[in-house]
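Asks: First, the structure itself, so that you have it in front of you.
Here is the structure:
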């Protein structure tokens, strides 16, 4: 993807000004005469409540996720439930789509909080943050199961929407294992432009971004999207020490989550998704010959240690009555 590099230079400073002057505001934010990056609040208390008393049963977890989406106002035709996925759609002004996804498999051992309820629980919160302003792109917030069984839920979703809609998906943002520390990007697996957009927003929000790769036996739904030539980026919070959670699931409990880091990650991600709404549109315009020339590129985060771990195992969520499909097929 040939993205305009000037997005990471000239447009970074207005975003920095936006965050530094308005980060404490409880409502949508904006800055005059700059690329508009406006999001609603992501409340720390709401995030903390979403992590309490999380059921281990897959059907009960699906019901809990539906409750969180309903609390943010996503209901009716905007919600689609399948045996191996649950998704909520925020419709935009164009037919371009950004998918924000998290692995929904229930834990075999432990509470399955870090891997991966922390990612799943952010989906409704991010929907709530983005719905406060009209968006050019349609955002699909999707929880997939069957990740370790060949990305079963993600692959079914891509088949179900059809080739025409697959071609409209311009980015997939994958959330995995958040809240242990500041966010990290799986650098070697990330689309370069999506990764550099994340760097820009990390700098603007002041939330440190680490570059830490996994090496073997870590399944993510991003693979299914990569196989369809869709740009992806996976955001996690692991390091070499905390990756032992993937080997010993009994360690995966609420008390190991750093709520300050989790909240900071959620806020950064809300701005990142809103930023993508503008940068992806500008990339499309540039391909069509309507965008300004390319300028400078920011420095990337320094690579961290590569991580490895066993495959995530879980149970497929099933038994939830399906809601009506949205008119547009999402």
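In this note's numbering, the protein residues as written are 341 to 670.
Just so you know, even glycine gets a beta-carbon here, dropped at the ideal spot from N, CA and C.
Give me the Cα-Cα distance between residue 502 and residue 518, rounded to the nearest whole angstrom.
Replies: By one-based count along the chain shown, residue 502 stands at place 162. By one-based count along the chain shown, residue 518 stands at place 178. Whole-angstrom Cα-Cα distance: 31 Å.
Asks: Is the separation between the beta-carbon of residue 460 and that of residue 442 shorter than 8 Å?
Replies: By 1-based counting over the chain shown, the position of residue 460 is 120. By 1-based counting over the chain shown, the position of residue 442 is 102. Yes; because the gap between Cβ atoms is below 8 Å, this pair is in contact.
Asks: Give the DSSP-derived three-state secondary structure of residue 613 in the structure shown.
Replies: Along the chain shown, one-based indexing puts residue 613 at 273. Correct three-state label for residue 613: helix.
Asks: How far does the beta strand (DSSP E) with residue 478 in it extend, from its first residue to its last?
Replies: Here the question's residue 478 lines up with position 138 in the chain shown. Looking at the DSSP string, the run of the beta strand (DSSP E) that includes residue 478 is 478-484.
Asks: What number of angstroms, rounded off, separates the C-alpha of residue 392 from the C-alpha of residue 594?
Replies: Residue numbering aside, residue 392 sits at position 52 when the chain shown is read from its first letter. Residue numbering aside, residue 594 sits at position 254 when the chain shown is read from its first letter. If you take the alpha carbons of residue 392 and residue 594, they lie about 8 Å apart.
Asks: At the level of alpha carbons, what is the spacing between residue 395 and residue 451?
Replies: Sequence index remark: in the chain shown, residue 395 carries index 55 (1-based). Sequence index remark: in the chain shown, residue 451 carries index 111 (1-based). Their backbone Cα atoms lie some 8 Å apart in a straight line.
Asks: Roughly how many angstroms separate the alpha carbons of residue 486 and residue 575, rounded to a whole number?
Replies: Counting from one through the chain shown, the residue named residue 486 turns up at place 146. Counting from one through the chain shown, the residue named residue 575 turns up at place 235. The alpha-carbon atoms of residue 486 and residue 575 are separated by roughly 19 Å.
Asks: I'd like to check one pair, residue 599 with residue 541: are the Cβ atoms closer than 8 Å?
Replies: Indexing the chain shown from 1 puts residue 541 at position 201. Indexing the chain shown from 1 puts residue 599 at position 259. No, the pair does not count as a contact, with Cβ atoms beyond the cut-off.
Asks: Go through the region 554-608 residue by residue and report every complete run of the alpha helix (DSSP H) that reaches 4 residues or more, in order.
Replies: Entirely contained in the region 554-608, the alpha helix (DSSP H) runs reaching 4 residues are, in chain order, 562-566.
Asks: For residue 339, is the classification buried or exposed, using 16 other Cβ atoms within 10 angstroms of its Cβ as the cut-off for buried?
Replies: Since the first residue of the chain shown is 341 and the last is 670, residue 339 is not available in this structure.
Asks: How far does the alpha helix (DSSP H) with residue 499 in it extend, from its first residue to its last?
Replies: Taking the chain shown and counting its residues from 1, one reaches residue 499 at position 159. Element bounds for residue 499: 492-506.
Asks: Considering residue 437, what are the terminal residues of the beta strand (DSSP E) in which it resides?
Replies: As a working note, residue 437 is residue 97 in the chain shown. It spans 437-443 - the beta strand (DSSP E) in which residue 437 sits, taken as one unbroken run.
Asks: Straight-line CA distance for residue 587 to residue 555?
Replies: Within the chain shown, the letter at position 247 stands for residue 587. Within the chain shown, the letter at position 215 stands for residue 555. C-alpha separation (whole angstroms): 14 Å.
Asks: Pull up the DSSP beta-bridge partners for residue 549, would you.
Replies: Working through the chain shown from its first residue, we reach residue 549 at position 209. DSSP output for residue 549 lists no bridge partner at all.
Asks: What did DSSP end up calling residue 430 once you bin it into helix, strand or coil?
Replies: Here residue 430 corresponds to residue number 90 of the chain shown, with the count starting at 1. Three-state result, residue 430: strand.
Asks: Under the rule that 16 or more other beta-carbon atoms within 10 Å means buried, what is residue 610, buried or exposed?
Replies: Position 270 of the chain shown, counted from the start, is the residue given in the question as residue 610. By the 10 Å Cβ count, residue 610 comes out buried.
Asks: Can you tell which of 538, 420, 590 and 397 has its C-alpha closest to the C-alpha of residue 493?
Replies: Sequence index remark: in the chain shown, residue 493 carries index 153 (1-based). Nearest of 538, 420, 590 and 397 to residue 493, Cα basis: 420.
Asks: Does DSSP classify residue 388 as helix, strand or coil?
Replies: Residue 388 sits at position 48 when you count from the first residue of the chain shown. Note: residue 388 maps to helix in three-state DSSP.
Asks: What first and last residue would you give for the beta strand (DSSP E) that runs through residue 515?
Replies: By 1-based counting over the chain shown, the position of residue 515 is 175. Residues 509-515.
Asks: Can you tell me whether residue 561 is buried or exposed, with buried defined as 16 or more other CB within 10 angstroms of its CB?
Replies: Along the chain shown, read from residue 1 onward, the residue named residue 561 stands at position 221. Buried: at least 16 other Cβ atoms inside 10 Å.
Asks: Go ahead and label residue 544 buried or exposed: buried means 16 or more other beta carbons lie within 10 angstroms of its beta carbon, across all protein chains shown.
Replies: Locating residue 544 in the chain shown gives position 204, counting from the first residue. By the 10 Å Cβ count, residue 544 comes out buried.
Asks: Give me whichever residues DSSP pairs with residue 524 in a beta bridge.
Replies: Within the chain shown, residue 524 is the residue found at index 184, counting from 1. 550 and 576.
Asks: Whose C-alpha, out of 416, 418, 511 and 500, is nearest the C-alpha of residue 616?
Replies: For the purposes of this step, residue 616 is taken as residue 276 along the chain shown, with counting starting at 1. Checking every option, the nearest Cα to that of residue 616 belongs to 511.
Asks: Kindly indicate the opening and closing residues of the beta strand (DSSP E) around residue 382.
Replies: Your numbering for residue 382 matches position 42 in the chain shown. Taken as a continuous stretch (DSSP letters only), residue 382 belongs to no beta strand (DSSP E), as it is neither H nor E.
Asks: Can you tell me the Cβ-Cβ gap for residue 378 and residue 458, rounded? I've got them flagged as a contact below 8 Å.
Replies: Here residue 378 refers to the residue found at position 38 of the chain shown. Here residue 458 refers to the residue found at position 118 of the chain shown. Going by Cβ atoms, the distance from residue 378 to residue 458 rounds to 25 Å, so no, they are not a contact pair.
Asks: Does the distance from the CB of residue 573 to the CB of residue 534 come in under 8 Å?
Replies: If you number the chain shown from 1, residue 573 lands on position 233. If you number the chain shown from 1, residue 534 lands on position 194. In contact: residue 573 and residue 534 (Cβ atoms closer than 8 Å).
Asks: Bridge partners for residue 422 per DSSP, in chain order?
Replies: Residue mapping note: residue 422 aligns to position 82 of the chain shown, counting from 1. Residue 422 is bridged to 425.
Asks: Taking just the CA atoms, how far does residue 606 sit from residue 387?
Replies: The sequence position of residue 387 within the chain shown is 47, counting from 1. The sequence position of residue 606 within the chain shown is 266, counting from 1. Cα to Cα, residue 387 sits roughly 9 Å from residue 606.
Asks: Could you check the C-alpha separation between residue 409 and residue 495 for me, to the nearest Å?
Replies: In the chain shown, residue 409 corresponds to position 69, counting from 1. In the chain shown, residue 495 corresponds to position 155, counting from 1. One C-alpha to the other measures close to 23 Å.
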